[in-house]
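*Asks:* Residue numbers (my numbering): 445 to 778.
Ideal Cβ positions, reconstructed from N, Cα and C, are used throughout, including at glycine.
For reference, the structure I am asking about is given below.
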Amino acid sequence: MKIRKVDYSNSPLIFHCFQLNNMKIFIIITLLALIVSTDTFTLPTSNNQLIRTHVSILSSTVVNEYSFMTTLSRHPHNNDANDILEQTEEALQSMQETILLDSTSTTYSEDDITNEEDIPIDVEQESVYANSYVDLGKVDTVGFDYDYTLVTYTQALLELIYDMALNRLVNDLEYPKEMLTCGLKFDPMFSIRGLAVDKENGWICHLDYAHRVGVAWEGRHRVLRKRLIKEYSGKRSLSPSKRRARLKPLNDLFSMAECCLMADTVQYFLDGDIPFCPRSAVNDVLGSITKTHISGNFHKVVAENPAKYFEEKPHLKEVLNNFKKSGKRLIFVR
């Protein structure tokens, strides 16, 4: 569309048609999605008759809103401006009709919709995902890690790690003894993999796709947006070098206990109005979790009660035997 320069010096235009607000375009597209989802209809042969032909199947409110959002006001005196407004209006309507046509070009029957009851609930636990880049026939050695590979654990293990790390904080690092009796315990509904601990302030952070801190918790309370903006220089983003130095990823399942203990420790200090250094608290919590993991203490407890901490893997022995029968050399990776 060619935009002609128009003299607006004597024309009180409310807005310029070529400066359409992005929010208006967004509302138009959203409204179009509502129109498409309102009912199923057959497309006419003429694209230009699309909205007019099937306007009867839409509610009057939706139709009125669509008409309002795709119709631009005209200037009472300036014909040059009205020419531009008319061209812009036609372009908007044409764009929406094209999107509507593309969105409804495929029809579905009831048979195409999968019933939720047909989806096996345990499919994720026992599924094998193909890797087309690896030819196991050419591999002579297969290595297995122990944790969450040969062995998967129940939630009781995370509770055990949490409790053992909390005891280390109190007994080895002289944190308040009341932390052992005030009801602190692992909460499986609080933490997930993929979060990160900010080592400077002790916040539990969730990063978005652009590696910006989208949401953060201080203890068990969500950090206000204005604090996020202030802490992370307005854009809530860190350079790659600062991100690596400042944020500690919580990537594995053991990190869920780590995340929960970090938040509970900070919340304990906040509730008790106890002054503390967030950086030291983070180092102490992370160190306690690491020592609990590498010391082998929790492995000893688990080995004494495998029924409590191990999930059953009835096919594991058969898998390992099949590897050996096919001539593979098996190694254990620690």
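Taking the C-alpha atoms as reference points, what is the distance between residue 594 and residue 627?
*Replies:* As a first step, residue 594 is located in the sequence shown; it is residue number 150 there, counting from the start. As a first step, residue 627 is located in the sequence shown; it is residue number 183 there, counting from the start. One C-alpha to the other measures close to 33 Å.
*Asks:* Who are the Cβ neighbours of residue 517 in its own chain at under 6 Å, not counting the five residues just before and after it?
*Replies:* By 1-based counting over the sequence shown, the position of residue 517 is 73. Here the set comprises nothing.
*Asks:* Using 10 angstroms around the beta-carbon of residue 703, count the other beta-carbons present and answer buried if the total reaches 16, otherwise exposed.
*Replies:* Position 259 of the sequence shown holds residue 703. Label assigned to residue 703: buried.
*Asks:* Whose C-beta lies closer than 8 Å to the C-beta of residue 632 among residues of the same chain, with five residues either side of it excluded?
*Replies:* As a first step, residue 632 must be located in the sequence shown, where it is residue number 188. Hits under 8 Å: 599, 602 and 700.
*Asks:* Report buried or exposed for residue 481, applying the criterion of at least 16 other Cβ atoms within 10 angstroms of its Cβ.
*Replies:* Position 37 of the sequence shown, counted from the start, is the residue given in the question as residue 481. At residue 481 the pLDDT is 43, less than 50, meaning the model places this residue with poor confidence and gives no usable figure here.
*Asks:* Quick one: which unbroken alpha helix (DSSP H) runs of 4-plus residues sit fully inside the segment 591-675? Chain order, please.
*Replies:* The qualifying runs are 599-615 and 669-675.
*Asks:* Per DSSP, residue 681 forms a beta bridge with which residues?
*Replies:* Stepping through the sequence shown from its first residue, residue 681 is reached at position 237. For residue 681, which the question treats as bridged, DSSP gives the partners 656.
*Asks:* Quick one: grab the DSSP three-state call for residue 484.
*Replies:* Start at 1 with the first residue of the sequence shown, and residue 484 comes out as number 40. Residue placement at residue 484 is poorly supported in this model, since its pLDDT is 38, which falls under 50; the coordinates are not used for a value here.
*Asks:* Near residue 630, what residues of its chain come up, given a Cβ to Cβ distance below 7 Å and the 5 sequence neighbours on each side ignored?
*Replies:* As a position in the sequence shown, residue 630 is number 186, starting the count at 1. Contacts found: 602, 603, 606, 701 and 704.
*Asks:* Who pairs with residue 773 in a beta bridge, going by DSSP?
*Replies:* By one-based count along the sequence shown, residue 773 stands at place 329. In DSSP, residue 773 forms a bridge with 585.
*Asks:* Just how far apart, CA to CA, sit residue 648 and residue 597?
*Replies:* As a position in the sequence shown, residue 648 is number 204, starting the count at 1. As a position in the sequence shown, residue 597 is number 153, starting the count at 1. If you take the alpha carbons of residue 648 and residue 597, they lie about 24 Å apart.
*Asks:* For residue 586, collect the residues of the same chain with a Cβ closer than 7 Å to its Cβ; drop the 5 residues on either side in sequence, then sort them by chain order.
*Replies:* Position 142 of the sequence shown holds residue 586. Contacts found: 767, 772 and 774.
*Asks:* From residue 621 to residue 708, what distance separates their C-alpha atoms?
*Replies:* Your numbering for residue 621 matches position 177 in the sequence shown. Your numbering for residue 708 matches position 264 in the sequence shown. Whole-angstrom Cα-Cα distance: 14 Å.
*Asks:* In terms of residues, what are the limits of the beta strand (DSSP E) holding residue 757?
*Replies:* Mapped onto the sequence shown, residue 757 falls at position 313. First-last for residue 757: undefined, no H or E at that position.
*Asks:* Once you ignore the five residues that flank residue 760 on each side, which residues in its own chain have a CB closer than 8 Å to its CB?
*Replies:* In the sequence shown, counting from the first residue as 1, residue 760 sits at position 316. 594, listed in sequence order.
*Asks:* What is the DSSP secondary structure of residue 719, reduced to helix, strand or coil?
*Replies:* Against the sequence shown, residue 719 aligns to sequence position 275. Coil.
*Asks:* Which residues bound the alpha helix (DSSP H) around residue 742?
*Replies:* On the sequence shown, residue 742 is found 298 positions in, with the first residue counted as 1. Per DSSP, residue 742 belongs to the alpha helix (DSSP H) from 741-748.
*Asks:* What are the residues that DSSP puts in a beta bridge with residue 692?
*Replies:* Within the sequence shown, residue 692 is the residue found at index 248, counting from 1. Residue 692 is bridged to 641.
*Asks:* Can you tell which of 677, 694, 609 and 584 has the C-alpha that lies nearest to the C-alpha of residue 635?
*Replies:* On the sequence shown, residue 635 is found 191 positions in, with the first residue counted as 1. Closest option to residue 635, Cα to Cα, is 694.
*Asks:* Could you say which of 769, 764 and 770 lies nearest to residue 588 if we only look at CA atoms?
*Replies:* As a working mapping, residue 588 is identified with position 144 in the sequence shown. Comparing Cα-Cα distances from residue 588 to each of 769, 764 and 770, the minimum goes to 764.
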